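J.: Using our numbering, the first residue of the sequence shown is number 2, and each one after it goes up by one. Each residue gets a CB set at the ideal place from its N, CA and C atoms; glycine is no exception. This one's a predicted model, so the numbers in the text were calculated from it and none came from an experiment.
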Amino acid sequence: MKSLGLKAFALPLAGLSLMACPPAETEPVATCGDGQIQGDEACDDGNQDTDDRCLNDCTKSRCGDGFRQSAWEECDDGNLVAEDGCLNDCVANVCGDGIPNPAAEACDDGNEDPTDRCADCEKRQCGDVVFEEGETGIRPRDRVADFTVETLDGPWNYRDHVTGCDSVIILFYLPTNDYSVANWQTNPRRLLDRGPQNAHYLFISTDRRGAQTHVENQWRRFASTLNRLSEADQNAWKGRLHFVTTGLPDLGGWIAEKMAAEPAHALAIDRRQRLREIGLLRTVGSEEGRMDFLSHEAEYFNYEFNRDEALKSEDDVVDTVVALRDETAQRNHAFNLQIPANIADYDHLEIDLGLWCTDHRDDNCGEWDYIAHLNACDVPENETDPRRNQSCQQAIPASEGVEAIAAETATCNCVDPFGTVQERSQSCNESGTGFSPCNCGCGTQVARWITTYHREGRWVTNTTHLLALMQNRRELPMRLNSANSYRAEMDFRFSNKGKGARPVALKPLFSGGGYNATYNDKYEPIPFAVDADHRRVELTALITGHGHTAERENCAEFCNHTHHFAVNGGDAYVKEHPEAGDFMGCAKQIVDGVVPNQFGTWTLGRGGWCPGQDVKPWVVDLTADVRRDDSNTITYESLFRGGIYRPEPSGRGGGFGARMDLISWLVYWR
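(1) Put L230 into one of helix, strand or coil per three-state DSSP.
(2) Suppose you measure from the CA of G128 to the CA of C166; what does that come to, to the nearest Å?
(3) My assumption, with CB atoms under 8 angstroms, is that R456 sits in contact with C366. Please give the rounded CB distance.
(4) So, helix, strand or coil for M2, using DSSP?
(5) By Cβ distance below 6 angstroms, which residues in the same chain neighbour S665 in space, the five residues on each side in sequence not counted?
(6) Taking C-alpha atoms, which residue in T434, I527, H565, G67 lies nearest to N80?
(7) Pick out whichever of N561, A265, T187, R229 has its Cα sitting closest to the Cα of G674.
(8) What would DSSP say about L674, mapped onto helix, strand or coil?
(9) Is the Cβ-Cβ distance between V616 and G608 less than 9 angstroms?
(10) How long is the line joining the alpha carbons of S428 and D360, rounded to whole angstroms?
(11) Could you tell me which of Q70, L56, G656, W357 sits nearest to Q331, measuring between CA atoms?
(12) Report all residues from its chain with a CB closer than 8 angstroms to the CB of A588; omit the five preceding and five following residues, and keep chain order.
(13) Since R642 sits in a beta bridge, which residues does DSSP pair it with?
(14) Check L605 in the structure and name its three-state DSSP category.
(15) Starting from E554, follow its DSSP beta bridges and name the residues at the other end.
(16) Do G601 and M585 have their beta-carbon atoms positioned less than 9 angstroms apart in this structure?
(17) Quick one: what does DSSP say T148 is sitting in, helix, strand or coil?
(18) Taking only the alpha-carbon atoms, compute the straight-line gap between L268 and L312 and give it to the nearest angstrom.
(19) From Q186 to V575, what does the alpha carbon distance come to, in whole angstroms?
(20) Are the Cβ atoms of L281 and A489 separated by less than 9 angstroms?
(21) For E539 versus T624, is the C-beta distance shorter than 9 angstroms?
(22) Please report the straight-line C-alpha distance between R671 and D532, rounded to a whole angstrom.
(23) If we ignore side chains and look at the alpha-carbon of each, how far apart do G655 and L470 end up?
(24) Going by beta-carbon coordinates alone, are D379 and I451 separated by less than 9 angstroms?
(25) Please tell me whether N497 and D348 are closer than 9 angstroms, where the distance is taken between their beta carbons.
(26) By DSSP's criteria, D293 is part of a beta bridge. Which residues make up the other side?
(27) Counting C-beta neighbours from all protein chains within 10 Å, is the total for I170 16 or more, i.e. buried, or is it exposed?
(28) Name, in chain order, the residues that DSSP records as bridge partners for G546.
(29) Relative to the C-alpha of G435, which residue among Q394, D110, Y454 is closest?
(30) If you draw a straight line from the alpha carbon of K259 to that of K239, how long is it in whole angstroms?
(31) Report the option in R191, L193, W220, P197 whose CA atom is closest to the CA atom of I205.
(32) What is the rounded straight-line gap between the Cα of M491 and the Cα of I352?
(33) On the criterion of 16 or more Cβ atoms from any shown chain inside 10 Å, does Q614 qualify as buried, or is it exposed?
(34) Which residue from Q391, I38, N228 puts its Cα closest to that of G433?
(35) If you reduce the DSSP assignment to three classes, tell me which class N307 lands in.
(36) What first and last residue would you give for the alpha helix (DSSP H) that runs through I256?
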């Protein structure tokens with residue numbers, strides 16, 4: 002028998018070894034595009050395409066991955082930003098979808114209307130405006146019809162010059178009227194120097210026989226003056242001065258119709274094709290003609306146009322609450338402001354106020370400049386009055402020797418706009434069946450305007466501080482006292498301008514009073530606290546000086562009084578009024594909303610205000626000056642020429658003593 006030795010057992014032993022411990026299987030290598038989902042692959046569709054649901058790296062396609070799937074995506078720019086060429090749902094951003102694309106669109110208002118503010122996703126410029134068809138008229142603010150007049154340079158047609166960039170000013174010559182003659186014969190230099198040069202001026206004589214001669218003489222005055230201007234100014238005025246050779250009686254059209262119905266010394270057409278009145282073309286107390294005051298109207302039309310364009314550009318980002326729409330003229334206008342439910346979303350507030358003359362006629366507006374103010378009102382502490390149906394002693398008048406019996410009264414509580422409870426009273430009603438509502442006041446002034454002399458106006462005022470009074474409220478009762486009778490229109494414009502915080506509280510500070518040597522004596526430092534989460538602290542103040550003639554310095558209407566506020570002993574923040582006493586100080590503010598050519602001393606610069614303008618809140622950011630605790634103080638004083646104002650009688654008689662109308666608050670932002 003052969004011995005097999007160890008070799009004989011080698012293979013069987015090896016075989017036995019394999020059967021007992023088989024080796025581990027090796028994972029197959031994942032290959033994207035092989036059609037099998039393996040490893041970390043989210044998908045594998047067996048190809049290397051990027052135009053399907055599985056990309057070439059075996060991840061699932063999605064909007065925003067930068068690969069366009071043509072079957073269901075119009076675009077894919079690799080992000081989920083809506084305001085670019087591809088929306089966040091991979092639909093192409095196209096003009097008219099309402100989503101602006103700053104890279105390619107100046108605007109997008111969600112429609113394809115070529116006549117509105119955004120046409121073909123380009124903001125309409127003044128030169129894009131065309132002549133408006135439709136109903137026309139000859140009343141103030143009516144749309145005017147087309148007309149053509151013969152001039153020394155040939156026919157001039159209005160429609161051909163309607164662009165929205167220019168206004169039209171018409172000056173009439175009435176040979177028998179001293180006021181008209183004085184204006185017509187004014188040296189043209191001031192008009193040509195003032196501009197603005199985006200207006201057409203038409204000169205028309207009301208005299209049939211002498212019209213040609215009158216306008217030829219006027220042309221000579223202008224030509225002589227133009228020759229002394231720079232070449233640039235001469236070119237700017239070229240084609241803007243039109244001397245009409247036809248006298249008014251033979252002119253025809255709506256201009257003649259208007260003058261026959263309501264004679265005027267001048268008329269205007271604003272940049273929106275609306276007929277407008279022109280106010281007083283001279284300063285009060287002077288007989289000097291001021292043809293150059295015509296340019297005030299053109300300047301104001303520019304202000305109006307720019308204001309209106311700015312408002313319209315914000316239509317999509319501003320929430321407007323209508324507060325007033327008076328159909329008849331009145332002095333007191335009460336309303337309950339409905340506060341948006343999402344008031345916490347807003348960090349900016351404007352009040353848009355129009356005080357309109359009946360029928361938009363200057364003659365129907367009040368004669369004097371008065372303070373108009375908006376007040377926030379107190380409200381009863383209890384929404385339901387517990388004494389409303391409680392029997393009580395009504396008032397009984399005296400009769401036949403029997404003494405009168407006074408109505409029973411009871412105390413009640415009101416809450417002022419700052420949240421402070423105020424004790425008030427209520428009286429038994431006439432029938433004795435219950436008490437009348439609690440007599441809550443309405444004395445918290447929050448905004449201020451100055452009315453015009455015999456004209457109407459509209460102002461948009463930043464009143465962001467009022468947001469602090471609107472937090473956690475559904476409505477806020479308010480009252481506008483316009484002093485003169487107006488048809489008032491008031492809107493509240495809420496928006497978010499990305500300020501990162503919003504006003505949440507107001508702290509009343511200093512108020513004014515009689516302005517004299519003891520004016521400052523009543524002001525003590527006011528302590529205040531600032532919480533750690535207050536993002537900003539501001540000082541907001543309304544400051545206007547009143548009183549004139551009675552004192553030598555003509556304070557406080559026409560003198561430069563200064564107002565100094567200091568926090569924690571630091572340097573004072575100073576409000577001053579250098580325009581006070583400047584004869585044309587308020588005329589220089591037409592660009593900021595002063596209504597021009599009023600029938601009073603409207604041109605004179607005042608201490609903190611102008612007739613026919615809003616009183617803009619004075620706002621100072623105090624955040625860097627305060628400490629985040631309760632140890633802060635703020636001080637205030639008013640000075641005149643660096644010292645205490647000590648009034649001296651003027652000896653002229655009449656007028657009013659100096660008075661300072663001051664309201665100030667701390668505004669806390671969070």
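T.: On the basis of the data shown:
(1) coil
(2) 6 angstroms
(3) 6 angstroms
(4) Unreliable positioning characterises M2 in this predicted model, as indicated by a pLDDT of 37, which lies under 50. A coordinate reading is not provided.
(5) L510, F511, A542
(6) G67
(7) Since the first residue shown for the chain is 2 and the last is 671, residue 674 is missing from the structure and cannot be characterised.
(8) The chain is shown from 2 up to 671; residue 674 falls before or after that span and cannot be answered.
(9) no
(10) 42 angstroms
(11) Measuring from the Cα of Q331, the nearest candidate turns out to be W357.
(12) Taken in chain order, the residues that qualify are H297, V595, P597, W603, T604.
(13) Its beta-bridge partners do not exist; DSSP assigns none.
(14) coil
(15) Paired residues: none, contrary to the question.
(16) no
(17) The amino acid occupying residue 148 in the given sequence is Phe; Thr does not appear at that position. Coil.
(18) 27 angstroms
(19) 46 angstroms
(20) Here L281 is not near A489, since their CB atoms are 9 angstroms or more apart.
(21) yes
(22) 10 angstroms
(23) 41 angstroms
(24) no
(25) yes
(26) The partner list for D293 (beta bridge, DSSP) is empty, contrary to what the question assumes.
(27) buried
(28) M661
(29) Q394
(30) 28 angstroms
(31) W220
(32) 7 angstroms
(33) buried
(34) Q391
(35) helix
(36) 254 to 262
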